[in-house]
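> Supplied in structure tokens, the structure appears directly below.
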Amino acid sequence: MDDAELQILKQRAPGLAALYTTAHDAILRAADAAALEQARVSTLGRKSALTELLRSIPTLPPEDRPLLGKGGNTVRRELEALVEEREAELKREALSASLAHERLDVTLPGQPFPAGHEHLISQTMREVEDIFIGLGYRIAEGPEVELDYYNFTALNTPPSHPARSAHDTFWVVEQRETMPEAVMDADRGVLLRTHTSPVQVRVMEQQRPPVYVVCLGKVYRRDSDATHTPMFHQVEGLVVDEGITLADLKGTVHHFTEQFFGGERAIRVRPHFFPFTEPSIEVDVSCELCEGKGCRSCKHSGWLEIMGAGMVDPAVYDFVGYDPEKVSGFAFGMGVERMAMLKHGIPDLRLFYDNDVRFLRQF
53 MDDAELQILK
63 QRAPGLAALY
73 TTAHDAILRA
83 ADAAALEQAR
93 VSTLGRKSAL
103 TELLRSIPTL
113 PPEDRPLLGK
123 GGNTVRRELE
133 ALVEEREAEL
143 KREALSASLA
153 HERLDVTLPG
163 QPFPAGHEHL
173 ISQTMREVED
183 IFIGLGYRIA
193 EGPEVELDYY
203 NFTALNTPPS
213 HPARSAHDTF
223 WVVEQRETMP
233 EAVMDADRGV
243 LLRTHTSPVQ
253 VRVMEQQRPP
263 VYVVCLGKVY
273 RRDSDATHTP
283 MFHQVEGLVV
293 DEGITLADLK
303 GTVHHFTEQF
313 FGGERAIRVR
323 PHFFPFTEPS
333 IEVDVSCELC
343 EGKGCRSCKH
353 SGWLEIMGAG
363 MVDPAVYDFV
373 GYDPEKVSGF
383 AFGMGVERMA
393 MLKHGIPDLR
403 LFYDNDVRFL
413 RQF
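The numbering of the sequence shown is my numbering, which starts it at 53 and goes up by one.
Below, the structure is given as structure tokens:
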């Protein structure tokens with residue numbers, strides 16, 4: 053409302069003009085959003101003088117009603133527009149003040165981000181690789197999604213073996229007719245490999261003796277408790293050459309345990325059975341916690357199992373075309389998590405996968 057319109061309003065409705073002037077000044081004096089809201093309520097609210105005046109129009113003489121009705125609505129619209137303008141102005145002032153006092157100097161150096169390191173499982177696998185590379189082995193790899201021919205059949209594991217049960221193995225495809233004709237002579241099931249031994253068969257298919265390989269990677273079984281997880285890591289080794297005996301296997305195991313655990317750890321070899329080795333053995337190391345005297349961790353035996361091993365069964369050579377009359381060999385397998393637990397005194401295998409930084413930063 054300009055000065056001319058205000059002068060006319062003062063002449064014809066001085067009371068309404070006084071209300072407008074008072075409300076106009078109160079809105080402009082509001083220094084922040086709270087003060088502006090208070091001014092809006094006092095000038096335009098349901099109990100304000102302007103609202104009371106507009107409500108009283110029906111009681112006025114007929115000749116005064118048009119003037120006060122039109123003028124009152126004009127004043128209300130003017131004051132509402134003024135409130136919006138003042139609100140926008142206060143927001144601009146607040147933003148300017150914030151930018152002036154809360155500036156970010158992008159030229160300052162950033163906060164340092166803590167450097168990470170390899171997971172303990174990866175560290176253990178690298179350590180194992182280094183030991184066997186030092187012995188002249190090479191690293192071999194294979195698929196994690198495997199055919200049951202390589203996972204079971206070619207390793208002399210019969211169809212009735214419990215490991216082939218769905219209770220123990222993650223099967224992807226069990227119907228044989230779904231597999232391509234290129235593997236017509238192979239078993240047709242597809243599964244997540246239960247051990248890294250299939251890599252040994254694939255290596256022997258692709259090269260003639262001598263063979264000195266170590267295979268590391270993820271394997272999958274239907275287990276989940278303090279000492280088992282559905283996914284874990286294995287290390288397996290294979291040696292095939294002329295004149296290899298069980299004494300060579302024991303010497304290799306002794307050298308590995310000495311390098312990995314330290315020279316003070318004794319080993320024990322005892323007979324066992326595996327479908328793909330004959331004879332088969334299991335290898336134990338002396339318990340570090342009780343120094344072989346017997347404790348709860350080793351079930352009071354003084355020993356902790358670390359691997360299964362044995363001489364390669366001649367039946368396995370039939371699947372890869374090796375002559376068991378000319379060559380012999382041994383194979384061994386270890387769980388990476390179990391080796392790390394034994395070396396570092398970790399009580400629960402699940403700690404490796406909880407991603408608790410307080411645990412991981414210790415290694």
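Beta carbons are placed, not taken as given, at the ideal position from N, Cα and C, and that holds for glycine.
This structure is a prediction, so every number in the text was calculated from the model and none was measured.
For F328, which of helix, strand or coil comes out of DSSP?
Note: F328 maps to coil in three-state DSSP.
> Would the beta-carbon of F284 fall within 9 Å of that of V364?
Going by C-beta atoms, F284 is not nearer than 9 Å to V364.
> Which stretch, first to last residue, makes up the beta strand (DSSP E) that contains L172?
Here L172 belongs to no beta strand (DSSP E); instead the alpha helix (DSSP H) covers L172 to G186.
> Could you check if N203 is buried or exposed, using at least 16 other CB atoms within 10 Å of its CB as the buried criterion?
Answer is buried; the Cβ neighbour count reaches 16.
> Output yes or no for whether 9 Å exceeds the beta carbon distance between I173 and F404.
Result yes, Cβ atoms of I173 and F404 sit closer than 9 Å.
> Leaving aside the five residues before and after M256 along the sequence, list all residues of the same chain whose C-beta is less than 6 Å from its C-beta, in chain order.
Excluding positions up to five away in sequence, the list reads V372.
> Is it buried or exposed, N486, if we count other Cβ atoms within 10 angstroms and call 16 or more buried?
The structure shown has nothing for residue 486, since the chain only spans 53 to 415.
> Using three-state DSSP, classify I296 as helix, strand or coil.
Residue state, collapsed to three classes: coil.
> I'd like the ranges of any alpha helix (DSSP H) spanning at least 4 consecutive residues and lying wholly in the segment 104-168.
Fully enclosed alpha helix (DSSP H) runs of 4 or longer: 117-153.
> Near L243, what residues of its chain come up, given a Cβ to Cβ distance below 7 Å and the 5 sequence neighbours on each side ignored?
Counting only Cβ-Cβ distances below 7 Å, and skipping sequence neighbours, we find E198, D200, N203, T221, F222, W223 and V224.
> Rank L207, L68 and C267 by C-alpha distance to the C-alpha of G385 and give the top, closest one.
Comparing Cα positions, the closest option is C267.
> Leaving out five residues before and five after T230 in sequence, what residues of the same chain have Cβ atoms less than 6 Å from its Cβ?
Any reading at T230 needs caution, since the residue's pLDDT is 42, under 50, leaving its predicted position unreliable; the model's value is listed next. Closer than 6 Å at Cβ, skipping near neighbours: no residue.
> Taking the C-alpha atoms as reference points, what is the distance between V158 and L151?
Cα to Cα, V158 sits roughly 14 Å from L151.
> Secondary structure at H285, three-state DSSP: helix, strand or coil?
Strand.
> Use the C-beta contact count for V235: other C-beta atoms within 10 angstroms, 16 or more gives buried, fewer gives exposed.
Any reading at V235 needs caution, since the residue's pLDDT is 41, under 50, leaving its predicted position unreliable; the model's value is listed next. So V235 ends up on the exposed side.
> Figure out for me which residue from T246, V291 and L290 has the closest Cα to the Cα of R273.
Taking only the C-alpha atoms, the option nearest R273 is T246.
> Below 8 Å, how does it come out for the segment 89-107 and the segment 141-150: are there three or more Cβ pairs, yes or no?
These segments do not touch.
> Do you know whose CA, among E181, R98 and D300, lies nearest Q311's CA?
With distances taken between Cα atoms, Q311 lies closest to E181.
> Let's see if you can read the secondary structure: which residues bound the beta strand (DSSP E) around K270?
Start and end: V263 to Y272.
> Does at least one heavy atom of the ligand MG sit under 8 Å from the Cβ of V242?
Inclusion of the ligand MG in the displayed structure is not the case, the ligand content being empty and no account of it being possible.
> Quick one: what's V242 bridged to in DSSP?
Per DSSP, L199 and V225.
> For V291, which of E316, G67, S276 and Q259 has the nearest alpha-carbon?
When only C-alpha atoms are compared, the closest one is Q259.
> Which residues share a DSSP beta bridge with E357?
Paired residues: D336.
> Taking only three categories from DSSP, how would you classify P323?
P323: strand per DSSP, three-state reduction.
> Taking Cβ positions, are D293 and S212 nearer each other than 9 Å?
For D293 and S212, no; Cβs fall outside 9 Å.
> Could you work out which residue in Y72, K122 and A167 is closest to S100 when comparing CA atoms only?
Out of Y72, K122 and A167, Y72 has the C-alpha closest to the C-alpha of S100.
> Quick check: what's the CA-CA separation for V368 versus P331?
Rounded to the nearest angstrom, the two C-alpha atoms are 13 Å apart.
> Have a look at G168 and L412 and give me their C-alpha separation to the nearest angstrom.
Taking the straight line from one Cα to the other gives about 10 Å.
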